[in-house]
Ligand code: FE
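Residue numbers (the numbering used here): 8 to 142.
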């Protein structure tokens, strides 16, 4: 995978202020505010920074957290994990493997089959609906 490196000025030009704050400055959107929290459509969720496919709607579930939640990434290498000890918590941060954008955190309280909960900001994601079946 070719990694993407851009300056903050470049990212600022391409992203909305919310996307920049969350993806590039490790911010968080308020729960139950993002457009993808309740989305149940079939398709794939992409990185709002670089367009890489990150999650499949088939692994999305309602965690009740107020953020889009998935039990696994679209592919094992799509996201990177980093120990995060900010805000007095021990958490595992999730970033996009391609552009390094902050996505959210993963917690070990998810459903089967993985037991993982990838808790992701809507602002870090795009959505590509599944193409309709040909008649
Ligand atoms: Fe990305």
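Quick reminder that beta carbons are idealized off the backbone N, C-alpha and C, glycines included. Predicted model, so just to flag it, every value in this text is computed and none were measured.
So, at 7 Å on beta carbons, what are the nonlocal neighbours of residue 27 in its own chain, with the 5 sequence-adjacent residues on each side left out?
18, 19
Between which two residues does the alpha helix (DSSP H) holding residue 19 run?
15 to 21
Under three-state DSSP, which class holds residue 121?
coil
Contact belief for residue 74 with residue 38 at Cβ below 8 Å, rounded distance in angstroms
6 Å
For residue 82, does the three-state DSSP call read helix, strand or coil?
coil
Within its chain, find whatever has a CB closer than 7 Å to the CB of residue 72; leave out the 5 residues flanking it on each side and keep chain order.
38, 126
Identify every residue that forms a DSSP beta bridge with residue 135.
51
Taking all protein chains shown into account, do 16 or more other C-beta atoms lie within 10 angstroms of the C-beta of residue 67, making it buried, or fewer, making it exposed?
buried
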